[in-house]
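A.B. asks: Heads up, the sequence shown is in my numbering, so the first residue is 1 and it goes up one at a time. The beta carbon of each residue, even a glycine, is placed where N, CA and C say it ideally should be. Being a predicted model, the structure only gives us computed values, none of them experimental. Take a look at the following structure, please.
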Amino acid sequence: MLIVCGADCETALAQSDDVAALFEPSTVVSVGALGGVGPRFQGARRAGLWGLPYLSFRRADEAPEWWSPDDGLDATLIGEAGAQAGAVLDFRDGRSTRDAHRLVGLPGLPLTVGVGVFGEVWPVANTVRLRAEVTQGLRAHDGLLAKIAVDLVARTGRFTLSVGPRLVLGDAASMRLDFDVPFAASVANPMLTPYRATPGLRSVGASGSLAYDWSEAWQTIAYARYDRLVAAAAASPIVRRFGTENQVSFGLGAIYAFRTAGI
Numbered sequence: 001m002l003i004v005c006g007a008d009c010e011t012a013l014a015q016s017d018d019v020a021a022l023f024e025p026s027t028v029v030s031v032g033a034l035g036g037v038g039p040r041f042q043g044a045r046r047a048g049l050w051g052l053p054y055l056s057f058r059r060a061d062e063a064p065e066w067w068s069p070d071d072g073l074d075a076t077l078i079g080e081a082g083a084q085a086g087a088v089l090d091f092r093d094g095r096s097t098r099d100a101h102r103l104v105g106l107p108g109l110p111l112t113v114g115v116g117v118f119g120e121v122w123p124v125a126n127t128v129r130l131r132a133e134v135t136q137g138l139r140a141h142d143g144l145l146a147k148i149a150v151d152l153v154a155r156t157g158r159f160t161l162s163v164g165p166r167l168v169l170g171d172a173a174s175m176r177l178d179f180d181v182p183f184a185a186s187v188a189n190p191m192l193t194p195y196r197a198t199p200g201l202r203s204v205g206a207s208g209s210l211a212y213d214w215s216e217a218w219q220t221i222a223y224a225r226y227d228r229l230v231a232a233a234a235a236s237p238i239v240r241r242f243g244t245e246n247q248v249s250f251g252l253g254a255i256y257a258f259r260t261a262g263i
């Protein structure tokens, strides 16, 4: 699935539990939307609005699979419900002087995507999930990001509650892209000092969600995520002078499921 852009542009929205499900009769398709507030750019203090569509599909004889709103858009290629791997896509934050006028001098960053692989296992069925995603930005200098998540999932009646830690790491290219201050930028903007970010740990945090099934067709979900920028990311003048290490995102969504004929 997918979802938001926060401290690591968590991603955005859609999941294909199994590509083959598209060709099965009576495929269950889920469509919806997610929206909320989150940092305007990596390290930003000010929040902005975001909104993303949602799409997933599964075989008619399969139970709905739990997902976290900050999962990347994925397509399972191998594995079963207890252990899966496949391709994944995530969305990455952009940045411009429209986000904060004091960023004058810094190069603008367009919203972009990363593509790569994911893997997840459920060491305790339907209760504990471990997931990792590794993606490379479409442009070579966008760099590599690795995201690691652990989720504790509890179901009671129509409610499903989840909570768990998050860890994000970046290579040299991805860290420099978001947190470097080139010398030319420091000349154009005296509030900034030259800075070169180093690779490694980018942020640590936690994510939680609460979903409610109104019926077999309708579900609503509330989502929150906190990330604490650390190490080279937190030391950047962009964060220290104009932003904050504390990155918070909130979101709400609604999803509708229906059956359709096979392709």
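Under the three-state reduction of DSSP, which class applies to P182: helix, strand or coil?
C.D. replies: In this structure, DSSP gives P182 a state outside helix and strand, which the three-state scheme calls coil.
A.B. asks: Could you pull out every residue in the same chain whose Cβ sits closer than 6 Å to the Cβ of A83, ignoring the five residues on either side in sequence?
C.D. replies: V121
A.B. asks: If you run the structure through DSSP and keep just helix, strand and coil, what is L152?
C.D. replies: strand
A.B. asks: Would you grab the beta carbon distance between R92 and G114 for me? Rounded to a whole angstrom, and I think it's under 8 Å.
C.D. replies: 6 Å
A.B. asks: List the endpoints of the continuous beta strand (DSSP E) containing F258.
C.D. replies: N246 to T260
A.B. asks: Of all the options M175, V163, T156 and P165, which has the alpha carbon lying nearest to the alpha carbon of D142?
C.D. replies: Scanning M175, V163, T156 and P165 for the CA closest to the CA of D142 turns up M175.
A.B. asks: Excluding the 5 residues flanking L192 on each side, which residues of the same chain have their C-beta closer than 7 Å to its C-beta?
C.D. replies: G105, V181, A185, S186, P237 and R241
A.B. asks: I'd like to confirm the pairing. Which residues does DSSP put opposite R241 in its beta bridges?
C.D. replies: Under DSSP, R241 takes part in no beta bridge, so it has no partner.
A.B. asks: If you check the beta carbons only, do R225 and S249 fall under 8 Å apart?
C.D. replies: yes
A.B. asks: Determine the closest residue to W214 out of V230, Y256 and A233, with distance taken between C-alpha atoms.
C.D. replies: Y256
A.B. asks: Output the boundary residues of the beta strand (DSSP E) element that contains A224.
C.D. replies: W218 to L229
A.B. asks: Roughly how many angstroms separate the alpha carbons of A254 and V153, rounded to a whole number?
C.D. replies: 19 Å
A.B. asks: Are the CB atoms of G119 and F41 within a distance shorter than 8 Å?
C.D. replies: no
A.B. asks: Using the rule of at least 16 other Cβ atoms within 10 Å of the residue's Cβ for burial, across every protein chain shown, is R45 buried or exposed?
C.D. replies: exposed
A.B. asks: With a threshold of 6 Å on Cβ separation, who are the neighbours of R158 within its own chain once the five nearest residues in sequence on each side are excluded?
C.D. replies: Same-chain partners within the cutoff: Y212 and D213.
A.B. asks: Whole angstroms are fine: how far does the CA of P199 sit from the CA of R131?
C.D. replies: Going by C-alpha positions, R131 is about 22 Å away from P199.
A.B. asks: So what does DSSP say about D70, is it helix, strand or coil?
C.D. replies: coil
A.B. asks: Straight-line CA distance for L169 to F183?
C.D. replies: Near 25 Å, if we compare the C-alpha coordinates of F183 and L169.
A.B. asks: May I ask you to report which of helix, strand or coil DSSP gives D61?
C.D. replies: coil
A.B. asks: Taking the alpha-carbon of A125 as reference, which of G48, L201, W66 and S56 has the nearest alpha-carbon?
C.D. replies: W66
A.B. asks: With which residues is V29 paired in a DSSP beta bridge?
C.D. replies: F57 and F258
A.B. asks: What's the C-alpha gap between G32 and A87?
C.D. replies: 22 Å
A.B. asks: Just tell me which of L201, P123, R196 and V150 has its CA closest to the CA of A81.
C.D. replies: P123
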